[in-house]
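Below you'll find the structure, written out as structure tokens, and then a few comments.
And the structure:
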């Protein structure tokens, strides 16, 4: 998975730097700031940093509130995603916050590169719902947070632009694009997972988001040809001609169902919690 996401880091950044990922990062930062004000930050981890939307938003919007002594870390399973963030860091040599940013390659299921109780805040934007072992992901987040530390995470409850892939069934009726992990679309399940791991002050709030589409064909091509298994895996058995036909069908679907300016809706679940403070 990591190599596929990494190979598409540039395309992903170009298409999704704004819209849902930006809304996700902003909502997480607001949530964790409410639970533990960022003036008290000792170490902030952007876990599953991708192309750096979370850490960029943190530095842009909250730099004036972060203690000089605070540690900043961005981590991702994909080395190429981490490299993409490193390039952003290198483009800001004048920034103390960017200069001290640490970069790590690690998995949300195994954060052994972080000591117990070493983080005050975790940003987990659109990453934990890719975990194949949710218990491990929640437990690792809890382990690495300090008592009183805060985590914010997001997952999709509804994502209509991914539903566009269903047009493939007009060509190959036996193909069914994978659905979102149903557990992560359940606020109740997320609350239960947080509580099971030991978290308190758990909140899960739905937030409407929109993917703004300037060129439907560019979106269609990304959905079909990204090479990312979770996005385009369903099209792997198609011929080039069939893939082009699917792209045409997606473009038609978008133009038929959405007026310009095209805004395709989705729903994020914004979840936040704290590790119980020491008595």
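Residue numbers (the UniProt record's numbering): 1 to 279. Note that the Cβ used here is the ideal one computed from N, Cα and C, for glycine as well.
Query raised in the report: Using 8 Å as the threshold, is the segment 213 to 228 in touch with the segment 159 to 172, meaning 3 or more CB pairs across them?
Result: yes
Query raised in the report: Are the CB atoms of residue 118 and residue 185 nearer to each other than 8 Å?
Result: On the chain shown, residue 118 is found 118 positions in, with the first residue counted as 1. On the chain shown, residue 185 is found 185 positions in, with the first residue counted as 1. Contact flag unset, no.
**Report entry** Given residue 123 as reference, the closest of 31, 183, 264 and 97 once Cα atoms are compared
**Finding:** Here residue 123 is taken as the residue at index 123 of the chain shown, counted from 1. Checking every option, the nearest Cα to that of residue 123 belongs to 31.
Query raised in the report: Which whole runs of the beta strand (DSSP E) in the segment 50 to 111 are 3 residues long or more, in chain order?
Result: 71 to 76 and 102 to 105
Query raised in the report: Got a sec? Which residues, its chain only, sit under 7 Å from residue 213 by beta carbon, not counting five neighbours each side?
Result: Locating residue 213 in the chain shown gives position 213, counting from the first residue. The answer, listed in chain order, is 219, 254, 262 and 264.
**Report entry** Residues near residue 2 in its chain [Cβ-Cβ closer than 6 Å; skip 5 each side]
**Finding:** On the chain shown, position 2 is the one that residue 2 refers to. Residue placement at residue 2 is flagged as unreliable, the pLDDT there being 45, under the threshold of 50; the coordinate-derived value follows with that caveat. Cβ neighbours of residue 2 within its own chain (closer than 6 Å, five residues either side excluded): 77 and 78.
Report task. Consult DSSP for residue 200 and reduce its assignment to one of helix, strand or coil. Result -> Within the chain shown, the letter at position 200 stands for residue 200. Residue 200: strand per DSSP, three-state reduction.
Query - Pick from 150, 153, 268 and 275 that is closest to residue 20, judged by C-alpha positions - result: Within the chain shown, the letter at position 20 stands for residue 20. Closest option to residue 20, Cα to Cα, is 268.
Report task. Assuming residue 273 and residue 201 form a contact by the criterion Cβ under 8 Å, report the distance between their Cβ atoms to the nearest whole angstrom. Result -> Translated into the one-based positions of the chain shown, residue 273 becomes position 273. Translated into the one-based positions of the chain shown, residue 201 becomes position 201. 6 Å between Cβ atoms; contact.
**Report entry** Within 8 Å, strictly: CB atoms of residue 148 and residue 65
**Finding:** Position 148 of the chain shown, counting from 1, holds the residue named residue 148. Position 65 of the chain shown, counting from 1, holds the residue named residue 65. Cβ distance not < 8 Å, so residue 148 and residue 65 don't count as in contact.
Query raised in the report: On the three-state DSSP scale, how would you describe residue 287?
Result: For residue 287 there is no data in the structure shown, the boundaries of the chain being 1 and 279.
Query - Local Cβ density within 10 Å of residue 57, reported as buried at 16 or more and exposed below that - result: In the chain shown, counting from the first residue as 1, residue 57 sits at position 57. Classified as buried, residue 57 has 16 or more neighbouring CB atoms from the shown chains inside 10 Å of its CB.
**Report entry** Beta-carbon proximity list for residue 112, same chain, < 8 Å, skipping 5 on both sides
**Finding:** Taking the first residue of the chain shown as 1, we reach residue 112 at position 112. Excluding positions up to five away in sequence, the list reads 106.
Query raised in the report: To the nearest angstrom, how far is it from the Cα of residue 247 to the Cα of residue 224?
Result: To locate residue 247, count along the chain shown from 1; it is residue 247. To locate residue 224, count along the chain shown from 1; it is residue 224. So the two alpha carbons sit approximately 7 Å from each other.
Query - Residues near residue 195 in its chain [Cβ-Cβ closer than 6 Å; skip 5 each side] - result: Residue 195 sits at position 195 when you count from the first residue of the chain shown. Same-chain partners within the cutoff: there are none.
Requested in this report: For residue 22, I'd like the list of residues in its chain whose CB is within less than 8 Å of its CB, leaving aside the five on either flank, ordered along the chain.
Outcome: By 1-based counting over the chain shown, the position of residue 22 is 22. Cβ neighbours of residue 22 beyond the five flanking positions: 53 and 57.
Query raised in the report: Does DSSP classify residue 268 as helix, strand or coil?
Result: Reading the chain shown from its first residue, position 268 is the one you call residue 268. In this structure, residue 268 counts as strand in the three-state DSSP scheme.
**Report entry** 8 Å Cβ cutoff met for residue 283 and residue 55
**Finding:** Any question about residue 283 goes unanswered here, given that the chain covers just 1 to 279.
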